[in-house]
Structures are given as C-alpha cells and as structure tokens.
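One structure is given here, and the rest of the page talks about it.
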Amino acid sequence: MRSLRLLGNVLWYFPGFGFIDAIFAFLWGLFFTATVVGAPIGLGLMEYGKFLLAPFGRAMVSKSDLNIEQNKAWKAYSTLVMVLYFPTGLILAMLAVVQIALLFVTIIGIPMALVIAKSLGTLLNPVNKKCVSSAVADHLEKRVAQAEVGKYFPEGHSAAEEGLRDAPAKIQGG
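Residue numbers (my numbering): -19 to 154.
What follows is the structure, encoded as structure tokens:
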C-alpha cells in the first residue's frame, strides 16, 4: 500500500505538476494570512498546500474531528470570515472543477483528478482544517463507522461483530 501511495505521489509531481497546485494554495494562504483579517482562511489554505505536497499519503480533516480544542472567539471569528470568503472559494472550486475535467481526459490524470475532487470541500471551506496522515484519517473513519454500528446494536459491539463474522457464510449461502 505504501508503494502505491509513493507511486501516486510521484505521478502527482511529474506528469501532473501537482506541486504547482500546492504552491498556489500556499501562496493564497500566505496572502490571506498577511491580511490578518483572513488569517483563519490563510491557515487553512496553507494546510491544504501541505496536503497537496503528498496527497496520496495525507488527508484533510476538520479540527473538530481531531478533538482539537479551539478558542470560542476564534471559532466565531472564523465563521464570520468564512462567509466573506465564500465567493473566492466558489471561484477556486470552479477552477478546480475545470482542472478535474481536463485531467479526466487522460487515463494517467484520473487519480490526480480524484485527489482534487476529494479536496473540493476544503477549497470551499478551508477554515479549521488540518492536514493529517492517511492513517489518522482511516482511524477517524473507523471511529465514525463504529458509532454508526452502535446505533443499530445499542447493547454493544459484540452482536455487530458476531453478525459480521457470520456475514461471509450467509453471503455464500451457508
């Protein structure tokens, strides 16, 4: 799996020129951070630039999913700034959609297009986002899945695990 991620990142750099996207995201982040007023957006865009440096080994997640405590005033200010950023984010997202369409023209561009498509939410709302390794993102997804299973099996996960163990036999007609 690690070698596939490495291959994806190499393809992202050489035929895909993904580092250009990373540079633009980082420069937009610096611009917004330099305005001081747009600091929450700038910090999020710089995290997005970090993600674009190695997109096949990283993921963008919300800081609230990571249980990172934030100042309430900062969160309120970030929400206000996010409303002001929305037109710019919409323009960046539309440019990304054009880039996705152009990448889908070639077979080798499809994985790169999927990376950009996966990160459209970050372009629209970069506030309070964090770039993490894929392992952390996978763990967060497992935690969400376990909570979902807990809704259907409130007495505990043992019944759910028992049902999952029997699932292959039921599928095969056993």
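Ideal Cβ positions, reconstructed from N, Cα and C, are used throughout, including at glycine. On a predicted model such as this, the values are computed, not experimentally measured, just so you know.
So is residue i buried or exposed if we call it buried at 16+ other beta carbons inside 10 Å?
i: W54; result: exposed
i: D1; result: buried
i: L(-16); result: exposed
i: M74; result: exposed
i: P67; result: exposed
i: V63; result: exposed
i: L72; result: buried
i: V124; result: exposed
i: P134; result: exposed
i: L103; result: buried
How is residue i classed by DSSP in three states: helix, strand or coil?
i: S42; result: strand
i: H(-4); result: Before going further, note that residue -4 is Gly rather than His in the sequence given. Note: G(-4) maps to coil in three-state DSSP.
i: T160; result: Lying outside -19 to 154, the shown extent of the chain, residue 160 is not represented and no answer is given.
i: G37; result: coil
i: G18; result: coil
Just confirm the distance between the C-beta atoms of residue i and residue j, as a whole number of angstroms; I'd bet it's less than 8 angstroms.
i: E27; j: K110; result: 6 angstroms
i: Y57; j: G18; result: 11 angstroms between Cβ atoms; not a contact.
i: L32; j: G(-2); result: 6 angstroms
Check whether chain D comes within 7 angstroms of residue i, counting only Cβ atoms and requiring the distance to be less than that.
i: L(-14); result: The structure shown contains no chain D, having only a single protein chain.
Give the list of continuous alpha helix (DSSP H) stretches no shorter than 4 residues that lie fully inside the segment 47 to 133.
Whole alpha helix (DSSP H) segments, 4+ residues: 52 to 83, 90 to 98, 100 to 104 and 114 to 132.
Sufficient close CB pairs (3 or more, under 8 angstroms) joining the segment 76 to 86 to the segment 22 to 30:
no
Under 8 angstroms, with one C-beta from each stretch per pair, do the segment 108 to 124 and the segment 38 to 55 reach the 3-pair mark?
Contact between the segment 108 to 124 and the segment 38 to 55 is present, because at least three Cβ pairs lie under 8 angstroms.
Report yes or no: do the segment 0 to 14 and the segment 28 to 35 share at least 3 C-beta pairs separated by less than 8 angstroms?
yes
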